[in-house]
Structures are given as C-alpha cells and as structure tokens.
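The sequence shown runs 1 to 363 under the working numbering.
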Amino acid sequence: MLKKKYAMLSEADDIRRDVKLNINDGEKSQKQKLYPAEKAIKTKLKPAKNRLQSISFVLASGNVSIWHVIQTPVFLLTGWGAFWTLLFELDIAPFLAINGMIVTILGVVLGLLLVFRTNTAYDRFWDARQRWSTLCAASINLSRLIWLVVQPRKTESQDIVAQKGAINLIYAFSIACKHYLREEYGYNYEDLYDYVQHIPEITKHTMNIPLAISCHISSYIRYCRDTEQVDPVVGGNMLAQLTIMIECLQHFERVRYTPIPAAYSIHLKQTVYIYLGSLPFQLFSTLHWATIPVMLICSFVMLGILGIAGEIENPFGYDENDLDLRVFCSKLRKDLSLILMHEAKSPVVWGEAVAFQPKESPQ
C-alpha cells in the first residue's frame, strides 16, 4: 500500500545513482583542460557550426512553424491576387486599379493593431512561464522546510511517513495544475493517480484537484504546529510558501480563462482579410505581374503574425509552441527527490572547513 501511496520515493535510489554518475562526469570534465591551440581551433569552428545549426533549424521547423495553420488562406489570397492581376494585364478590367495611398494609411493602422495583438498574447505566455517558475520555487522551498526543518517525534514513526506523503502531495500539486489547466478534470491519470488515490478528501473534488491538494497540505502544516514539530516562525513560512503556490494557480486560471475579447479578435481578423483582399487593386497598376509574389509575401507575414498571437494565447495546451509542462514537472520531481536524499545534520559532521580565500575567477 505504501508503494502506491509514495511512488516517487521508491525511485530515490535510482536518482541518487544518476546524480553520483553526473557528479563524477562533471569532475572528469573539469580535469580535461584544453590547451590554447585547441581552444582557438574550437573557437574558429563555432561560427560554421552555428550556421549549420541555423540552416537545420529552418529546414526542420515545420512542426513548430505557423505555416501549417495559415497555408490555406495564404494560397487563396495569392490566387485571388493572381486572378485580378491577370484580368488587369489582359485589359479586361483596367478600371479596377485604385489609388495606392490607401495601402499606406490602412497598413500603418493595421500594423499597430497586429503588434498590440501579438504583444498581448506574448505577455500572457511569458507571465505563465514566470508563474510556473515561481510555483516550482515555492514547491522546492516548502519541501525543503518539511524534510529538513520539521522534527518528527521519535515515538511516532507515522510522522516520517507523513513528511514523505506531504512532499508527494507538493509534487502532485504541479501535476494536478497541468491537467486542470488543460481541462482534464479528475485524478485518474498515470502521473497523478498514485499520489492522491489514497486520500478521499482529494478524490472527492474532481473538478479542482489542485485546490483540494493545497487544503490537505495546509492541514499537515497545522498538524506539525499542533504537535510542536515546528516552531510558529517556521510554520508561518511554510504557510507562506503554500500561499504562493495557490496564488500561482490563480494566475494560471486568469491566463487560461480570460482570453482576448472575441469582438477584438474577430474585428482584427476581418480587417486583415479586407486589407489583403483589396491589396491587388492597389498594386497591379505599378507592379503588374510582380503583384502575385507580393501578395504571397504580404499574406504570409500578416496572417502569420495573427496566427502566432492565437497560438501562444493559451500556453498550457499540447501544441508545439505551448509550454512543455511535462518537462517542468519532471524537473521538479528530480529536485524534490534530491531533497529527500539529504538529511538534517549538525555542522560538526561536515568536516573541517577551509579558510575562505577570495580568488579572481578564470577568464
């Protein structure tokens, strides 16, 4: 039963072994110093390598590019421009040419609107990323206080089990946030089930699992204070970290459930299509057949900017351009596992300290 309850703890030995291997690799890499000539050769090779990486990135960016979303309207608008350019060049409809001043006036206004739309969407994307970093920091701090500062009673072995269970719930909070923001309600998920299935108070709240988990963690902090496992100052700090986690959840909900007003998005999209649809009539009198590639470029640029704004407006989904919440949760799990491998030790067992001698850092 404990194996199901505390699945994360059962893998601590594997992670401890991986950490030791990484530390040994790091020590070996530090000993392998390069001579100046080798450094110069590597420095000279970097620009060519970067250029190859840039070319490879452009060629392999089809999955993350917005092109797969906008290619149909881009080709339709280009065909629209080619049709009217053909009629103009064959003198079938020369009267359709209009003054190009409209392009300048409407283009400036439309450019400002597109910039505002994209910046607003990116602010939401960046705010979500910052808040997730804050959530991870609060989770690590709270876990550190629970594992290293809380003093379980020697006569109660259940206190140590409760410590580990509380840290599991802290990790489960992030996993639950990930599913909750993707509108995947409940707890019956492979990465969440083992952490919460044994707690009825959590499994009953299938619509907002993160909030239910936070209530359970709050109850544990109160239990520690009532049993004098922590002093009031540390208990208050633990509650402060939990409050930060809940505030992050509220910020995630604000980003997720407060989209750009539909009227603004619809009107902006209509304005873009009207502008691009009228563009051939303002260009073919001066550009002639060159109007067709110009239509392709203008459609790609403007519809691409509009599509990017819609793509990153909700950063919690499964799209290639969304935040990779799975990687963030995996990184948090490793950090919490590292905390569980440490024990609260007195400084007398650290070994003899070396006198601090400030040195200049190597260039």
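The C-beta atom is built at its ideal place from N, Cα and C for all residues, glycine as well. What you are looking at is a predicted structure, and each value in this text was computed from that prediction instead of being measured.
- Distance from the CA of Ile266 to the CA of Glu313, rounded to the nearest whole angstrom, comes to 15 Å.
- Put simply, the backbone Cα of Thr243 is about 10 Å away from that of Leu249.
- Annotated as proximal: Pro315 and Ala128, with beta-carbon spacing under 8 Å.
- For the pair Leu340 and Asn237, the CB atoms are not nearer than the 8 Å cut-off.
- Going by DSSP, Ser157 is part of no alpha helix (DSSP H) at all; its letter is neither H nor E.
- Closest by C-alpha distance to Phe173, out of Asp194, Ser65 and Trp289, is Asp194.
- Residue environment for Met302: buried (at least 16 other C-beta atoms within 10 angstroms of its C-beta).
- Leu114: member of the alpha helix (DSSP H) spanning Met101 to Arg144, first to last residue.
- Residue state for Met207 is assigned as coil, using DSSP reduced to three classes.
- In its chain, beyond the 5 residues on either side, Leu279, Gln282 and Leu283 have a beta carbon closer than 8 Å to the beta carbon of Val103.
- When Trp67, Ser139, Gln163 and Glu156 are compared, the shortest CA-CA separation from Ile170 is found for Ser139.
- In terms of Cβ geometry, Gln241 and Asn141 form a close pair [threshold 8 Å].
- When rounded, the separation of the alpha-carbon atoms in Leu325 and Cys224 is 31 Å.
- Scanning its chain for C-beta atoms nearer than 8 Å, with the 5 sequence neighbours on each side dropped, one finds around Leu113 the residues Leu268 and Thr271, in chain order.
- Per the Cβ contact rule, the segment 70–87 is in contact with the segment 286–304 (3 or more Cβ pairs under 8 Å).
- Between Ile292 and Gly81, the C-beta gap is smaller than 8 Å, which places the two residues in contact.
- At least 8 Å separates the beta-carbon of Gly235 from that of Ile217.
- Spatial neighbours of Leu239 in its own chain (CB-CB distance under 8 Å, excluding positions within 5 residues in sequence) are listed in chain order as Ser218 and Ile221.
- Taking all protein chains in view, the Cβ of Ile202 is crowded by 16 or more other Cβ atoms within 10 Å, so the residue is classified as buried.
- Buried is the label assigned to Met245, since at least 16 other Cβ atoms lie within 10 Å of its Cβ.
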